[in-house]
Amino acid sequence: MDMTKVLVIGSISDLGLIGLAQKVESPEIHYLLLGGGDATQLGKYGVTKVYTLSAQVDEASLAETLVNLISTNNYSVIITPPVNKYFKTTIPIAAQKTSAPVLVDVLDLKQGGNTFEVTLNGVGNRAQVTVKVTDRVFLMAPPARFKPVEKVTTVTTESLQPKAITGIKVVSTEEKPKGKVRIEDAELIVSVGRGFKKQEDLKLAFELAEVLGAEIGCSRPIAADLKWLSEDHWVGLSGHKVRPKLYMAVGISGQPQHLAGMMESKTVVVINSDPNAPFFKNCDYGVVEDLYKFVPALTKKLREILKK
Amino acid sequence: MEILALVKLALDTGQLRVSETKVDIDSTPLKISDIDRNAVEEAVRIKEKAGGRVRVITALKYGPLTRRQQEAESLLREVLAMGADEAYLIVDNALINSDQLLTAKAIAATIRKLGNYDLIIAGEATIDGYTSQVGGPRVAAELGIPVITFVRELRVEGNKVTAKRDLEDAIQTVEAQLPVLVTVTREINVPRIPPLLQIRAAMKKPINRLGLADLGISMKSPVEVTNIVPIQVKRKGVIIKDGTVDEKVDKLIQALIQEGIITPPR
Ligand SMILES: Cc1cc2nc3c(=O)[nH]c(=O)nc-3n(C[C@H](O)[C@H](O)[C@H](O)COP(=O)(O)OP(=O)(O)OC[C@H]3O[C@@H](n4cnc5c(N)ncnc54)[C@H](O)[C@@H]3O)c2cc1C
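As they're listed, the protein sequences go chains E and V. As numbered in the working numbering, residues 1 to 308 make up the first sequence, in order. As numbered in the working numbering, residues 1001 to 1266 make up the second sequence, in order.
So this is what it looks like as C-alpha cells:
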C-alpha cells in the first residue's frame, strides 16, 4: 500500500487535527507549524516533517506558500482548523489554485483506495452530510474533535521563506477589547439577545448568571452590531458552538443561525415575551413573559433557594 | 464604475423540509442569502455616488431546474428592485450539488465574459453552506485579483479602495487598487426595502441566462454528495405561560431542580 501524504496546517495547539490525519490509510504526515512552538512534540504522534515560516505573512502570501508546498510534495489531504478568518481567507485561495474542494466542519473520514468518504455538518448545521471525493481534498475541523494516538517518530524541520504578495496594504490595526470567556467550555450559559433594550439592562442577566454560576452568551447583534459584549460571548453559526448543561436564552428569537450554535446543549430554557417566538419550538422549558419582570424575580427566588 | 455583486440563492434553512431520516432539499424554498443583500446594498450605494452600473451574478445550486428557474428569477427581481441594473443567472445541471471549485470557475468565467469590471462585492458567507469560499477567495483566486474579506466599512475614491476588515481580535484597515474583490459583513449597512415603484421597474430589467457550455466549462464536480441526514434534537417543549410572574418562576425552578441543574442546600 502506498503512503498517503497528508499536510496538517496550524499552531501547536491545533495538534488534535493529527487525529483526523491518522484516519487516512498509512499516512505520511507533515505539519506546517504556524506561530512557533516545540516541533519535536509533533513527533510523538507520527509527524515526520515539520515546516515553519521564517516570517508571519498575510493570507495571500500564505496561500502562495501552500500552493508551492502542495505541488512539491503532492499531498492528497490537507487539514486545517476552521476557527479563524485568516484560514477562512487563505484556504479557499490555495484550494482554488490547486483545483481542490474544501470540506468544512468535518466529523469523520474513511478511506477506500483513492476515494475518501467524509461526513460533516452542513446545510447551516441542520444536517449531517456524507460526501465522496477522489484526488486532493482540504478538510477543516475543530482540533478538539479528534485525539491523535501516540506513535513516536523522528522529525525533520525545514523553514520556508514566504514571498510577499503585493496588492493589499495594511494601513493600521486596531486591537479589539479582549474578553477572557471561553463560552465553548461553559457548563451553564445565560444568553442574551435583542429583547434587552439598553446595554445597562444586561446587568439583569449578569446578576442571574452570578447566582447560577453561569457564563454570559449572546446573539450576533449584541456582539456584532451593538457591541454591548465582546465577541467571545457570541453564540451561533458565525460565532461559537456551545454544549452546556443549561442554555437559558433570554430575549433571543431563535433564528436558525443562532440555533446552529447551541443545538448540542442539554437543557434549553427560553424566556421570551412573544409566544410565537421560533425558539419556543426548540426548547425544553419555555417561559412566555416579559424578561424585565421575569429575570429579576427569578434571580431573587434563586438567591433565596440557593442561599446566595 | 463597473460593479459586480455576487449573490447566492440559498436554501432557506429556517424552512428546511425535514422528515425523520431525510432532508428534502428539493422542496425547501430558496431565499437571497442574507449577507448578499448587504453586498447588493453596498454596490448600489457606491453606484449612487460614483455612477456606473451594478450587475448581479448568481449560480443556481439547487434543483430541480424546471421548477427552480422561475423561483430564481423572482428572487433576482428583488435585488434588481434594490437598484441593481441587470442580472446573470448561471443555470446548469452540472452545478446542482457541485462543489465550490466548479461554482467559482463558473462565476469567474461569467465575469470574464462580461468584460470590464472595477469592483466585485459578495457576502462574507452564505446562510446554507456557510463556508466563506466561493464569492470571495475562490473567485478572486480564479480571476487572479486581490481579495479583501470580512469588510464592515468600505470607501472607494477614484482608483483606491480603503476597507476596514472585522477580524476576531482586531479591526484591520487596508488599502488596495481597483480591481479588487471585497466580501462584506452583515454589519456594513442595512439593506433597503425597495418601494413598489422600484419593484415594478425591476420587472423590466434584464435577467440573462448562461449555461456551462456558454462559458466553455466542461469539468465535473470532484465531490459527490451521497447522503444528507437531518440533525434532530428532541426537546421537551414544556411551555410555561399561565399564572403570575412568581408562579412562572416557581415552575421553572422546579424544572431546573428536576433536571439536576440546581441543587438547593438542605
Ligand atoms: C450568515 C448569518 C450568520 C449569522 N450568524 C449568527 C450567529 O452566529 N449568532 C446569532 O445569534 N445570530 C446570527 N445571525 C443572525 C440571526 O439570523 C438573527 O438575526 C439573530 O440571531 C437575532 O438576534 P436576537 O434573537 O437577539 O434578536 P431578535 O431576532 O430581534 O429577537 C429579539 C427577541 O426578543 C424578544 N423580546 C423583546 N422584548 C422582550 C422582553 N421585554 N422580554 C422578553 N423577550 C423580549 C422578542 O420577542 C424577540 O423574539 C446570522 C445571520 C446570518 C445571515
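The beta-carbon is built from N, C-alpha and C at its ideal position, and this holds for glycine as well.
query	result
Can you tell me which of the three DSSP states D290(E) falls into?	coil
Following a CB-centred definition, is Q1177(V) positioned closer than 7 Å to any heavy atom of ligand 1?	no
Pull up the distance between the alpha-carbon of Y51(E) and that of G1136(V), whole angstroms please.	28 Å
Could you check whether V1139(V) and A1104(V) sit closer than 8 Å to each other, using their CB atoms as the reference points?	yes
Within its chain, find whatever has a CB closer than 7 Å to the CB of E1142(V); leave out the 5 residues flanking it on each side and keep chain order.	A1104, K1105, A1108
G167(E) versus chain V: which residues are under 7 Å apart at the beta carbon?	P1146, A1176
Can you find a C-beta in chain V that's less than 8 Å from the C-beta of Y285(E)?	yes
Let me make sure I understand the geometry here. Which of G1216(V), N1159(V), G1063(V) has the alpha-carbon closest to that of Y1117(V)?	N1159(V)
Taking DSSP as the reference, what is the three-state secondary structure of Y75(E)?	coil
Is it buried or exposed for Q199(E), if we count other Cβ within 10 angstroms and need 16 for buried?	exposed
To which residues does DSSP link H30(E) through a beta bridge?	L7(E), K49(E)
Between which two residues does the alpha helix (DSSP H) holding E210(E) run?	202-212
At the 8 Å Cβ level, is L34(E) part of the contact set with chain V, yes or no?	no
Within 8 Å of any Cβ in chain E, is that where the Cβ of T1173(V) sits?	yes
Using a Cβ-Cβ cut-off of less than 7 Å, list which residues of the segment 1077-1109 of chain V approach chain E; keep chain order.	D1099, Q1100, L1101, A1104
Considering only the alpha carbon of each residue, which of E187(E), K5(E), L202(E) lies closest to R194(E)?	L202(E)
Is the beta carbon of T1126(V) sitting closer than 8 Å to the one on A1043(V)?	no
Identify every residue that forms a DSSP beta bridge with R1055(V).	L1004(V), E1086(V)
Do the segment 213-227 of chain E and the segment 163-174 of chain E touch if we need at least three Cβ pairs shorter than 8 Å?	no
My understanding is that V149(E) touches Q22(E), with C-beta atoms under 8 Å, so please give their C-beta distance in whole angstroms.	6 Å
Please tell me whether V77(E) and V24(E) are closer than 8 Å, where the distance is taken between their beta carbons.	yes
Just verifying my parser: in three-state terms, what is the DSSP assignment at I1120(V)?	strand
Output the boundary residues of the alpha helix (DSSP H) element that contains G364(E).	As shown, chain E starts at 1 and ends at 308. That puts residue 364(E) outside it, with no answer to give.
Taking A141(E) as the reference, which of K301(E), N73(E), G19(E) has the closest Cα?	G19(E)
For N276(E), does the count of other Cβ atoms within 10 angstroms reach 16, so buried, or fall short, so exposed?	exposed
Give the residues from the segment 125-139 of chain E that approach chain V closer than 9 Å (Cβ to any Cβ), ordered along the chain.	N125, R126, A127, Q128, V129, T130, V131, K132, V133, T134, D135, R136, V137
For A1163(V), which three-state DSSP category applies?	strand
Got a sec, what are the start and stop residues for the alpha helix (DSSP H) Y86(E) sits in?	85-97
Can you find a C-beta in chain V that's less than 8 Å from the C-beta of I189(E)?	no
How would you write the range of the beta strand (DSSP E) that S191(E) sits in, first residue to last?	188-192
Check whether the Cβ of L1011(V) lies closer than 8 Å to any Cβ atom in chain E.	yes
For I1188(V), which of I1046(V), A1176(V), L1016(V), I1025(V) has the nearest alpha-carbon?	I1046(V)
Does any CB atom of chain E fall closer than 8 Å to the CB of V1249(V)?	yes
Which residues in the same chain have their Cβ closer than 7 Å to the Cβ of E1041(V), if we skip the five residues on either side of it in sequence?	M1082, N1189, P1191, R1192
Give every residue of the same chain whose Cβ lies closer than 7 Å to the Cβ of L1256(V), excluding the five residues on either side of it in the sequence, and list them in chain order.	I1262
Does ligand 1 have a heavy atom nearer than 7 Å to the CB of Y51(E)?	no
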